[in-house]
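Heads up: the structure comes next, in structure tokens.
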Amino acid sequence: MKVREILIHALVWLAFLAIITFWQWDIFSLQDSLIHASRMAVISIVVFYSNYYLLLPRLFAKGNTFYYVLSIGAILVGVYIIFELTREWMPRPEFMNFPRRAEFKEIFKDMPRMEPPKNMWARMLPQTAAQTIPMLFFSSLLWFANENRQRKEKEVSLMNENLISEMRFLKSQINPHFLFNALNNIYSLAFRKSDHTPEMIMKLSDMLRHVVYDSSNSVSLNKEVAYIKNYIDFQTLKLGNEKGVTFAYDGINDRLVLEPMLLIPFIENAFKHSNIEDSADGSIDIKLSTEGTIIRLEVKNTFSESTQTKDHTPGIGMQNVQQRLNLVYPDKSKLTKTIQDGVFIVNVEIDTNA
8 MKVREILIHA LVWLAFLAII TFWQWDIFSL QDSLIHASRM AVISIVVFYS NYYLLLPRLF
68 AKGNTFYYVL SIGAILVGVY IIFELTREWM PRPEFMNFPR RAEFKEIFKD MPRMEPPKNM
128 WARMLPQTAA QTIPMLFFSS LLWFANENRQ RKEKEVSLMN ENLISEMRFL KSQINPHFLF
188 NALNNIYSLA FRKSDHTPEM IMKLSDMLRH VVYDSSNSVS LNKEVAYIKN YIDFQTLKLG
248 NEKGVTFAYD GINDRLVLEP MLLIPFIENA FKHSNIEDSA DGSIDIKLST EGTIIRLEVK
308 NTFSESTQTK DHTPGIGMQN VQQRLNLVYP DKSKLTKTIQ DGVFIVNVEI DTNA
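Residue numbering for the sequence shown follows the working numbering, starting at 8 and increasing by one per position.
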């Protein structure tokens, strides 16, 4: 037991001893009351903790009900034997606090001790039952309550571990895919001997720093915006121009904090499935805004049926994004997807005050 629990148990038993002592004070002196109360307290403590620490966890919890019942019977017999062995040593009533104490004392002075019933069960059952059954009941009640609490704590702990493991798995799907795209873009630039290659290597370094050092904890929206801008720069350089790609984020509260790498999948999805490379009318429109603690992202991209199947590279899908939102911001996020006139629209709303 912890120190706090030990102190609570000690105080309860001291209170039990005090109650029994004062309960008998009418017929015994204080010293004799303490003797009787101490015997009851010791027996109660032995019965209580024997059931709590030995019988319940080692027999009952393991399904050995027969041996548990047998052990309870052994405790009853043991308590009876203790009462029988100590009966002659216990002080006789003195009626210390009775108004007619002298009269009662004179009556009981020469009265012989009453002989106990000859039938063992008649002697044993009333006293041992009164002494042991309440202790067995309360110790069992406390044990079951403690077991239920520990079970719930284990369930919560296991649930948290599963959530953490699931989050790590989802992140492991996200980060390598982004880095793979970035390396491909740099390779293309280097192959063309572009003057933008050193600049893009520096941008990739910033992206790596964000993934490695920032993605383990919540990050500021400012860092997420910087990552999105670097990603868009990679994609537009790959396309050869920035025509048809817009990213509006002016006026946002970039000090808001959110789960890292949570917004970029929607931008990646827009580039992956848009027809911006093949069509002069292709476009990607990204708008980021904030209101109080709420972050809103709207991503629009043109698409065609052919672009839905042309890229079979494994990456994160909308289902995983929704799952991650549910894990990190339960009841604090909203994700909607619509199609209007050949334009795929995604709206994300996250309340960071979670």
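We put the beta carbon where it would ideally sit given N, CA and C, even for glycine.
Cα atoms of Pro141 and Asp338: separation of roughly 47 Å, rounded to the nearest angstrom. Fewer than three beta-carbon pairs drawn from the stretch 328 to 335 and the stretch 298 to 313 are found closer than 8 Å, and the two stretches are therefore not classed as touching. As the crow flies, the alpha-carbon of Gln31 is around 36 Å from that of Phe67. Assigned with DSSP and collapsed to three states, Ile346 falls in strand. The bridge partners DSSP lists for Val355 are Leu304, Leu342. Within the DSSP secondary-structure output, Ser296 pairs in a beta bridge with Arg303. Taking 4 residues as the minimum length, the alpha helix (DSSP H) runs contained wholly in the stretch 44 to 110 are 72 to 93, in order along the chain. The three-state reading of DSSP puts Phe310 in coil, since its state is none of H, G, I, E or B.
Counting C-beta pairs closer than 8 Å gives fewer than three between the stretch 252 to 259 and the stretch 199 to 212, which falls short of the contact rule. Between Met214 and Ala189 the beta-carbon gap is near 6 Å, inside 8 Å, which marks them as a contact. DSSP, reduced to helix, strand and coil, places Ser36 outside both helices and strands of the structure shown, so it counts as coil. Between Ile357 and Ile271, the CB-CB gap reaches or exceeds 8 Å. The beta carbon of Tyr75 sits closer than 6 Å to the beta carbons of Leu62, Leu66, Phe67 from its chain, once the five residues preceding and following it are set aside; these are given in chain order. Residues of the same chain with a CB within less than 7 Å of the CB of Ile82, apart from the 5 flanking positions on each side, are Val54, Ser57, Thr139 in chain order.
Within a 10 Å sphere around the beta-carbon of Ile26 sit fewer than 16 other beta-carbons, which makes this residue exposed. A check of alpha carbon separations from Ser340 across Asn167, Ala152, Leu304 identifies Leu304 as the nearest. Of all alpha-carbon atoms in Ser40, Ala137, Val353, the one lying nearest the alpha-carbon of Tyr87 is that of Ala137. In the three-state DSSP reduction, Ala255 falls in the strand class (E or B). For Asn260, the CB contacts under 8 Å within the same chain, skipping 5 residues up- and downstream, are Leu228, Thr297 in chain order. Cβ-Cβ separation between Leu269 and Thr359: approximately 10 Å, too far for a contact (criterion under 8 Å).
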